[in-house]
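Here the structure is laid out as C-alpha cells; the discussion comes afterwards.
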Amino acid sequence: MEMTTTLQFHSPIVASLSSQLSRSFPPCNYNQKQNPIPFHTRPIGSTVTSRKSLTAACSLLDGAPLSPNVDAVERSLAVKKKAMGVSSQLKGTSIFLLGINNSVKSSMGKLLADVLRYYYFDSDSLVIEAAGGESAAKSLRESDAKGFRESETEVLKQLSSMGRLVVCAGDGAVQSSTNLALIRHGISLWIDVPLDLVAREMIQDQDQHPTSDISISESESEVLTQLITQYEEMRSGYSTADATVSLQKVATLVGCDDLNAVTAEDVTMEVLKEIERLTRVKKMMEAAATPF
1 MEMTTTLQFH SPIVASLSSQ LSRSFPPCNY NQKQNPIPFH TRPIGSTVTS
51 RKSLTAACSL LDGAPLSPNV DAVERSLAVK KKAMGVSSQL KGTSIFLLGI
101 NNSVKSSMGK LLADVLRYYY FDSDSLVIEA AGGESAAKSL RESDAKGFRE
151 SETEVLKQLS SMGRLVVCAG DGAVQSSTNL ALIRHGISLW IDVPLDLVAR
201 EMIQDQDQHP TSDISISESE SEVLTQLITQ YEEMRSGYST ADATVSLQKV
251 ATLVGCDDLN AVTAEDVTME VLKEIERLTR VKKMMEAAAT PF
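Written out as C-alpha cells, the structure is:
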C-alpha cells in the first residue's frame, strides 16, 4: 500500500516540473543598470534598521562585501556582475540549498536563480502539489510517514537528474543517505540562520511551513525548543554540504547591527563567492589529476 502511494506521486511531479521548465527566460544584459525587483532589495526580515559605516569602498567587479552606502540599483548590479562570472564556471551544475526552511533561504534562492538564469524549485512545494494540496500532504504525512518520505526522495531524484536548477531543499533532503547521495549531483550549500529568527517567523506566518514537524500552535519559546531539537537531529546532514553561508557572518561582513536588515543581495553575494571558490577548487583538483 505504501509503495502504491509513492508511485502515485511520480506522474504529478514530472508534470509539474515539465510545466515549470517550459517557460523561457528573457535575454539579460548585465551591463545595463536596471531597477531591481522590490522583493529582492528589501531587507529579508520585516524590520528595517540602519547599518554601520564601512570605510572600504565597495567593488562592483570583485565581489567584495556590499557597502551600506551602495544604493539599491548598484547593489543589484554588483550581484549580477558576480553571477555572470560564476555562471560560466558552473557549466549548468545545479545548486541545492540546505537548512531549516525560512524566508532567508527561499528569497535568496529565488534571487540566485534569477541572476544565474537558472530555474528555481522548492522541493516541499513540489511534494505538496503532487499530493493534491497542503491538507492532503499533511494528511499523508500523518497517516503514512514512510510514503511521504519516499515522495520527497522521488522529487529529489527528478530534480537531481536535471541541470541549471536552484533547489530549495526541504528538511527531508538530509534525513536519508539516499537523498544526500542525490544532492551530491550538484553543489550543496547550508544556509545557516539563527533559530530564534526562524521561530519568530514561524509564529508570524504559519502558512509558510505546511510540511514542518514543528507544532506552531505553541509559544515562540516552545517553538524554539522544538527547532533546537530538530536542528540537532539534522545538523549532521546539513554539515555534509559543500559549503556553509551563515546569516550572522554575512551581517558582520556588510556591517549590519540587526540581522533583519540583511538583504537577499547580501546573502546571494556570499553564496556566489562560495560557489566560485568551490568551482575553482574542483578545477585545480582536476588539473592535478591530469597526467603530464
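Under our numbering, the first residue of the sequence shown is numbered 1, with each subsequent residue one higher. C-beta atoms are modelled at their ideal positions from N, C-alpha and C, and glycine is treated no differently. None of the values given here were measured: they were computed from a predicted structure.
Check: Between L253, T268, L247, which has its C-alpha nearest L259's C-alpha?; Outcome: L247
Check: Is there contact between the segment 106 to 118 and the segment 268 to 282, where contact requires at least three CB pairs shorter than 8 Å?; Outcome: yes
Check: Taking buried to mean at least 16 other C-beta atoms within 10 Å of its own C-beta, is A136 buried or exposed?; Outcome: exposed
Check: Could you tell me the boundaries of the alpha helix (DSSP H) in which S125 lies?; Outcome: 123 to 131
Check: Does the distance from the C-beta atom of L156 to that of L195 stay below 8 Å?; Outcome: no
Check: Would you list the residues sitting across from L97 in a DSSP beta bridge?; Outcome: C168, L189
Check: Provide the residue(s) that pair with V245 in DSSP beta bridges, ordered along the chain.; Outcome: I191
Check: By how many angstroms is the C-alpha of V73 removed from the C-alpha of H40?; Outcome: At H40, the pLDDT of 35 sits below 50, so the modelled position is not reliable and the matter cannot be decided from this model.
Check: Could you spell out the range, first to last residue, of the alpha helix (DSSP H) harbouring R280?; Outcome: 264 to 289
Check: Could you say if the segment 165 to 173 and the segment 116 to 124 meet the contact criterion of at least three C-beta pairs nearer than 8 Å?; Outcome: yes
Check: Among residues of its own chain, excluding the 5 on either side of R149, which ones have a beta-carbon nearer than 8 Å to its beta-carbon?; Outcome: G172, Q175, S176
Check: Looking at L165 and Y118, is the spacing between their C-beta atoms short of 8 Å?; Outcome: yes
Check: Go to M162, then tell me how far its alpha helix (DSSP H) extends in each direction, as first and last residue.; Outcome: Taken as a continuous stretch (DSSP letters only), M162 belongs to no alpha helix (DSSP H), as it is neither H nor E.
Check: Classify S188: buried if its beta carbon has 16 or more other beta carbons within 10 angstroms, exposed otherwise.; Outcome: buried
Check: Please state whether DSSP places Y120 in a helix, a strand or coil.; Outcome: strand
Check: One question on the structure: do A115 and A78 come within less than 8 Å of each other, judged by their Cβ atoms?; Outcome: Inspection of the sequence shows that residue 115 is occupied by Val rather than by Ala. No. Outside cutoff.
Check: Quick one: measure Cβ to Cβ for L224 and A199, integer angstroms, because I've assumed they're closer than 8 Å.; Outcome: 4 Å
Check: E154 to D71, Cα distance in whole Å?; Outcome: 43 Å
Check: Please determine, among A264, C256, G186, the residue with the shortest C-alpha to C-alpha distance to V104.; Outcome: A264
Check: Touch check for the segment 273 to 290 and the segment 85 to 102: three-plus C-beta pairs under 8 Å?; Outcome: yes
Check: Using C-beta distances below 6 Å, list every residue in its chain close to F96, excluding the 5 sequence neighbours before and after it, in chain order.; Outcome: V167, A169, I183, G186, S188
Check: Distance, Cα to Cα, N102 vs A261?; Outcome: 15 Å
Check: Would you tell me roughly how many angstroms separate the C-alpha atoms of V254 and S151, rounded to the nearest one?; Outcome: 40 Å
Check: Which value, in whole angstroms, describes the spacing of the CA atoms of L159 and D205?; Outcome: 28 Å
Check: Using a Cβ-Cβ cut-off of 7 Å (strictly less than) and excluding sequence neighbours within five positions of M285, which residues of its own chain qualify?; Outcome: none
Check: Under the rule that 16 or more other beta-carbon atoms within 10 Å means buried, what is D322, buried or exposed?; Outcome: Given a span of 1 to 292 for the chain in the structure shown, any question on residue 322 remains unanswerable.
Check: Assuming T240 and L180 are in contact, meaning their beta carbons sit under 8 Å apart, how far apart are those beta carbons, in whole angstroms?; Outcome: 6 Å
Check: Buried or exposed for G99, please, with buried defined as at least 16 other CB atoms from any protein chain shown within 10 angstroms of its CB.; Outcome: buried
Check: Name the two residues that bound the continuous alpha helix (DSSP H) containing N179.; Outcome: 177 to 183
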